[in-house]
Structure formats: C-alpha cells, structure tokens
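Undergrad: All letters in the sequence shown, in the order written, are residues -17 to -1, 1 to 57 by mature numbering (1 follows the signal peptide of the UniProt record, and there is no 0).
Can you keep this structure in mind? I'll have questions shortly.
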Amino acid sequence: MPLVLAAVNMLSLLVLADAGLKYLLGQMLLHLRTYAHKEMLDESASNGAPGSRIPLRVIQFRHPQPVDERVDYR
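This is the structure in structure tokens:
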C-alpha cells in the first residue's frame, strides 16, 4: 500500500511540474512575441520608408468639432 501511495504522489508531482513548465513556457513565448512586435514597430518607424507601419503612439485621434445648435447647417 505505501508503494501505491508513493507512485500516486510521484504521478501528481509530475503532472504539476508539467503544468508549471507549460505555463512558464507560454509566458516566455508571450513576452518574446510582445518584444518582437515592439521592435518591429520601432524599426518601421525609424525606417521612414513609404508603406511602413506607423506605430500606434504616433497616431492621434482628432475629436470632431462640437455642433453649434444655433447654426443651421443645411
């Protein structure tokens, strides 16, 4: 009986270790993907070639002018 409990404990430890390693690997790949995307945006912004992507921090949204209800726009 103690041998069975030891085997079950070892199996549960292996399952937990596998899940932990998969989580850490996923986090590392997510970090690398984010870093690579940021590098790509920085490179395209410094390149200045036509058709290069504009980083989102450069794009500014302009709000429309407020509508004056006293003026007839027709």
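Think of the CB as a built atom: it goes at the ideal place given N, C-alpha and C, for glycine as much as any other residue.
1. Which of helix, strand or coil does DSSP assign to Met11?
2. Met11 to Arg53, Cα distance in whole Å?
3. According to DSSP, is Met(-17) helix, strand or coil?
4. Let me know the secondary structure DSSP gives Arg53 once reduced to three states.
TA: Let me spell this out:
1. Per DSSP, reduced to three states, the secondary structure at Met11 is helical.
2. Using only the alpha carbons, I get a separation of about 58 Å.
3. In the three-state reduction of the DSSP assignment, Met(-17) falls in the coil class.
4. Of the three classes helix, strand and coil, the one that applies to Arg53 here is coil, per DSSP.
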